[in-house]
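Data first, discussion second: the structure below is written as structure tokens.
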Amino acid sequence: MTILISVLVLGILIFVHELGHFLLAKANGVGVLEFAIGFGPKIWKKTIGETQYSVGIVPLGGYVRMVGDDPHAVYDHNSGELEEDESLGKEQLELLKDRSRWFLNKGYLAKSSIVLAGPGFNLLFAYIASVVSLIVFGYANPIDQPVIGDVIPGYPAAKAGLKRKDRVVEVNGQPVRSWRELASKIAESNGAELQLKIERLSDPAYGKPEVLSITLHGTTETDELDILDSGKSRKTKKSVKIGIVPDTVRKPVGYGEAVLGAALHVVRTCEITVKGLWAMVKGAISPKNIGGPIFIFQQAGKTAKKGFDYLLDFMIFLSVSLAILNLLPIPILDGGHLMFFTIEVLSRKPLSLKTQAMANQVGMLFLLGLMAFALWNDIDRLLFG
25 MTILISVLVL GILIFVHELG HFLLAKANGV GVLEFAIGFG PKIWKKTIGE TQYSVGIVPL
85 GGYVRMVGDD PHAVYDHNSG ELEEDESLGK EQLELLKDRS RWFLNKGYLA KSSIVLAGPG
145 FNLLFAYIAS VVSLIVFGYA NPIDQPVIGD VIPGYPAAKA GLKRKDRVVE VNGQPVRSWR
205 ELASKIAESN GAELQLKIER LSDPAYGKPE VLSITLHGTT ETDELDILDS GKSRKTKKSV
265 KIGIVPDTVR KPVGYGEAVL GAALHVVRTC EITVKGLWAM VKGAISPKNI GGPIFIFQQA
325 GKTAKKGFDY LLDFMIFLSV SLAILNLLPI PILDGGHLMF FTIEVLSRKP LSLKTQAMAN
385 QVGMLFLLGL MAFALWNDID RLLFG
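The opening residue of the sequence shown carries number 25 in my numbering; numbering runs sequentially from there.
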């Protein structure tokens, strides 16, 4: 079930992204040869008009193959004659001859709108999903009870075996009655040993909560607070954390509040994503935090078990992340294509196809290396925690 949910989540987000490219290509008069979701051998395909629609066996991407997005793919480099392509139908071959429908022959605004439509549709999906989430489920407001809403992987709480919905009843022999009290006692420990007495509500034995004693050490961290001091940014305030967040309760909101709140939520999610990427570039966050397909599958499964509201929140975050990553100025990504178009406009001459091909190869190698690194992180987490 986890795999099925994960494939569905990725499939929806990839479909939305490619749909943006597809619709804007059509709107700008660009011929579309293929609309594909997934890579590898095709498990389904159907040609309707000039476009072939297909689903690949590996649900980790997709593409929209437009007429003339790579002239060398359809015209012989030496003779300039149209090459035969047995995978194309008669109508598609005729489409190739009409250079007015080639992607590269369109103007700057048309080409830019097509490449930006993918990330744009991901952001639009995130916004619509946020509106639905707020109307149906509402904001997640923390409740002031010592009940764990979630346990962050890699932190002392996760390593000690604490679980979601555990209620902390004592810290070092002293009773706690609220989340504020619990947080205060953790902060006062200064990283020293903590003896927690908990009631396990998630899997009670014989109809009664299971009472457990757990020992752990908090980790001391510098909070990410940027404060200007004499024109320079510095970080302040150290705190002790064990990697738990409070339980929450949701209350649906009205349509008007949801429309505005969803926009603010998407903007904040974009900000968090960009700051996270920048922190990784600066070395403030370890590259080991990069997750690959296995990590995404795991998170999709975990959030689905918590409820559809959690799964929807995860899809919103993933959709925004997909948009931001595709906007990076890396050759072969949407942001890389936009960078090429902009350079051509500013320099008033087209980049040579050879230069673009070389840049795309470098971009592809970089992305393959990044994917391999992320996959290694996933395997490392699975094997060694």
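A virtual CB, placed ideally from N, CA and C, is assigned to each residue, including glycine.
Backbone CA spacing between residue i and residue j [nearest angstrom]
| i | j | result |
| --- | --- | --- |
| Gly55 | Gly173 | 50 angstroms |
| Gly44 | Val82 | 21 angstroms |
| Met339 | Phe161 | 15 angstroms |
| Arg204 | Asp168 | 7 angstroms |
| Val283 | Phe408 | 43 angstroms |
| Thr327 | Leu377 | 45 angstroms |
| Ala396 | Pro199 | 48 angstroms |
| Leu349 | Met90 | 22 angstroms |
| Ala286 | Val88 | 29 angstroms |
| Gly315 | Glu368 | 35 angstroms |
| Ser202 | Ala164 | 18 angstroms |
| Leu225 | Leu186 | 11 angstroms |
| Asp404 | Pro317 | 13 angstroms |
| Asp402 | Leu394 | 12 angstroms |
| Leu84 | Leu218 | 43 angstroms |
| Met304 | Val156 | 32 angstroms |
| Leu301 | Pro177 | 19 angstroms |
| Val33 | Gly359 | 24 angstroms |
| Asp122 | Met382 | 27 angstroms |
| Leu406 | Phe319 | 9 angstroms |
| Tyr279 | Ala153 | 13 angstroms |
| Phe59 | Leu351 | 21 angstroms |
| Gly307 | Ala207 | 29 angstroms |
| Phe39 | Ser78 | 11 angstroms |
| Ala229 | Leu57 | Any answer about Ala229 is weak, because its pLDDT of 48 lies below 50 and its placement is not dependable; what the coordinates show is given next. When rounded, the distance between both Cα atoms is 60 angstroms. |
The beta strand (DSSP E) enclosing residue i, as first and last residue numbers
| i | result |
| --- | --- |
| Arg274 | 272 to 275 |
| Gly173 | 172 to 175 |
Exposure of residue i, with buried meaning 16 or more beta-carbon neighbours within 10 Å
| i | result |
| --- | --- |
| Ile138 | buried |
| Gln380 | buried |
| Val298 | exposed |
| Leu133 | exposed |
| Lys259 | With a pLDDT of 46 at Lys259, under the threshold of 50, the predicted position of this residue should be treated as unreliable, and no value is reported. |
| Gln76 | buried |
| Ala216 | exposed |
| Pro143 | buried |
| Asp271 | buried |
| Gly80 | buried |
| Lys209 | buried |
| Ala141 | buried |
| Asp250 | Its pLDDT being 40, under 50, Asp250 is placed unreliably in this model, and the value from its coordinates should be taken loosely. Label assigned to Asp250: exposed. |
| Ser310 | exposed |
| Lys120 | Note that residue 120 is Leu in the sequence shown, not Lys. With 16 or more Cβ atoms within 10 Å of its Cβ, Leu120 is classed as buried. |
Top-ranked residue by Cα proximity to residue i, from the options
| i | options | result |
| --- | --- | --- |
| Ile29 | Val277, Phe321, Lys183, Ile340 | Phe321 |
| Ile268 | Ile356, Pro166, Gly53 | Pro166 |
| Ile238 | Leu342, Ile314, Ala184 | Ala184 |
| Asn384 | Val171, Lys306, Leu342, Met363 | Met363 |
| Ala49 | Gly131, Met25, Leu37, Thr26 | Gly131 |
| Ala51 | Leu32, Arg274, Ser136, Phe390 | Ser136 |
| His361 | Thr71, Met388, Gly73 | Met388 |
| Leu391 | Leu357, Leu375, Leu158 | Leu357 |
| Phe332 | Arg274, Pro311, Leu370 | Arg274 |
| Met25 | Ala347, Ala324, Gly359, Thr366 | Ala324 |
| Glu194 | Leu236, Leu57, Val33 | Leu236 |
| Arg188 | Lys330, Glu74, Lys70 | Lys330 |
| Arg125 | Ser154, Leu335, Leu336, Glu74 | Glu74 |
| Val386 | Pro353, Leu370, Ala398, Arg372 | Pro353 |
| Ile296 | Lys373, Gly307, Pro311, Leu342 | Leu342 |
| Asn129 | Phe365, Ile72, Ser371 | Phe365 |
| Asp337 | Pro374, Thr293, Arg372 | Thr293 |
| Gly86 | Gly64, Asn196, Leu370 | Gly64 |
Integer Cβ distance of residue i from residue j, believed to fall under 8 angstroms
| i | j | result |
| --- | --- | --- |
| Phe127 | Gly92 | 5 angstroms |
| Glu223 | Arg191 | 4 angstroms |
| Gly35 | Ile61 | 6 angstroms |
| Ala182 | Val175 | 5 angstroms |
| Asn146 | His289 | Actually they do not touch by this definition, with Cβ atoms about 15 angstroms apart. |
| Ala150 | Val31 | Actually they are not in contact, since the Cβ atoms of Ala150 and Val31 sit about 20 angstroms apart, beyond 8 angstroms. |
| Val277 | Leu158 | 5 angstroms |
| Ile266 | Tyr179 | 6 angstroms |
| Leu37 | Leu346 | 6 angstroms |
Element boundaries [alpha helix (DSSP H), containing residue i]
| i | result |
| --- | --- |
| Phe332 | 332 to 350 |
| Trp68 | First-last for Trp68: 56 to 72, but that is the beta strand (DSSP E), not the alpha helix (DSSP H). |
| Arg201 | Neither: Arg201 is in no alpha helix (DSSP H) and is coded neither H nor E. |
| Arg89 | Per DSSP, Arg89 belongs to no alpha helix (DSSP H); it is in the beta strand (DSSP E), 75 to 90. |
| Pro166 | Premise fails: Pro166 lies in the beta strand (DSSP E), 163 to 166, not in any alpha helix (DSSP H). |
| Phe145 | 132 to 160 |
| Asp122 | First-last for Asp122: undefined, no H or E at that position. |
| Pro180 | 180 to 184 |
| Ser371 | 358 to 371 |
| Lys378 | 377 to 408 |
| Leu48 | 26 to 51 |
is_contact[residue i, chain C] using C-beta, thresh 7 angstroms
| i | result |
| --- | --- |
| Val139 | Note that chain C does not occur in the displayed structure, where there is just one protein chain. |
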